[in-house]
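Residue numbering for the sequence shown follows our numbering, starting at 47 and increasing by one per position.
Ideal Cβ positions, reconstructed from N, Cα and C, are used throughout, including at glycine.
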Amino acid sequence: MGENARDRLGESIRPDGGVVLLTVECQRGVVGAESALPELAAVARASGALRNVARLVAAAHGAGVQVIHAVAERRPDGRGANTNARLFRAAARLPVQQHSGSTAVRIAEPIEVSDEDIVVRRLHGLSPLAGTDVDALLRNLGCRTLIVTGVSANVAVPNAVFDAVNLGYTVVVPGDAIAGVPADYTPAMIRHTLALVATITTTDEVLGCWKAPRRARPAGGPVSRG
């Protein structure tokens, strides 16, 4: 990234400039050790994407940037869940279910969830934004720029990016903080699709923009996994 591009990125993601960090489906039942999708979980870990999400979340906490965790789950009885695509029907048959209240829908290690983080849970659909509370929360938070991270690069991440752009947000995607399957699909999708609508950057570039004296945080710190 050139100097001018870095300057533009730094301006768009200033901690006091209306930026929010979104993690997408970084939950134990998706990217954890007991994942319903072991291939995706393995890629998220082996590629460093999950570790980079954790680094971004930790840096956001230190810089005072709001973090929102988008979690996909379903009721044990499946009430209200989609059945209108093969993906949904296959998910309903997986041995690990993303049931509300279960450990599968808690935020996966090594990501730390702080008191100030917001966890948004959806029972339907493919997108972390469409039909959820995320857009209203972003507007109430004064968000102008949304940093999108997590999984998967196949479905939920591009859905989040497209929906955010359609809603008027500027979107930033650290390409090394998202993952999909197969592993070589993600860079191709970034290059040929996400780069057309979002600013593509890296975790280190975002962290570099957020390097500043740490502000005092309210008592509590990281307390839970969402």
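Distance, residue j Cα to residue i Cα
i: residue 226; j: residue 63; result: 30 angstroms
i: residue 211; j: residue 171; result: 18 angstroms
i: residue 193; j: residue 217; result: 6 angstroms
i: residue 111; j: residue 92; result: 27 angstroms
i: residue 85; j: residue 214; result: 34 angstroms
i: residue 118; j: residue 76; result: 9 angstroms
i: residue 55; j: residue 222; result: 16 angstroms
i: residue 147; j: residue 126; result: 16 angstroms
i: residue 228; j: residue 89; result: 8 angstroms
i: residue 246; j: residue 114; result: 20 angstroms
i: residue 136; j: residue 224; result: 23 angstroms
i: residue 166; j: residue 178; result: 8 angstroms
i: residue 209; j: residue 243; result: 11 angstroms
i: residue 144; j: residue 48; result: 42 angstroms
i: residue 232; j: residue 94; result: 13 angstroms
i: residue 254; j: residue 190; result: 20 angstroms
i: residue 252; j: residue 72; result: 19 angstroms
i: residue 230; j: residue 160; result: 33 angstroms
i: residue 132; j: residue 123; result: 19 angstroms
i: residue 195; j: residue 130; result: 26 angstroms
i: residue 168; j: residue 150; result: 14 angstroms
i: residue 173; j: residue 198; result: 11 angstroms
i: residue 121; j: residue 128; result: 11 angstroms
Whether residue i touches residue j by CB criterion (7 angstroms)
i: residue 74; j: residue 154; result: yes
i: residue 181; j: residue 175; result: yes
i: residue 65; j: residue 206; result: no
i: residue 142; j: residue 202; result: no
i: residue 157; j: residue 103; result: yes
i: residue 67; j: residue 106; result: yes
i: residue 204; j: residue 248; result: no
i: residue 87; j: residue 256; result: no
Paired residues, beta bridge with residue i - DSSP
i: residue 112; result: 66
i: residue 73; result: 153
i: residue 145; result: 120
i: residue 224; result: 196
i: residue 216; result: 191
i: residue 167; result: 117
Limits of the unbroken beta strand (DSSP E) element including residue i
i: residue 196; result: 191-197
Terminal residues of the alpha helix (DSSP H) in which residue i lies
i: residue 135; result: 132-137
i: residue 54; result: 49-58
i: residue 243; result: First-last for residue 243: undefined, no H or E at that position.
i: residue 80; result: It is not in any alpha helix (DSSP H) - residue 80 carries neither H nor E in the DSSP assignment.
i: residue 181; result: 180-186
i: residue 233; result: 231-238
i: residue 248; result: No alpha helix (DSSP H) holds residue 248; DSSP gives it neither H nor E.
(message) Does the structure place the region 91-110 close enough to the region 233-244 that three or more beta carbon pairs sit under 8 angstroms?
(response) no
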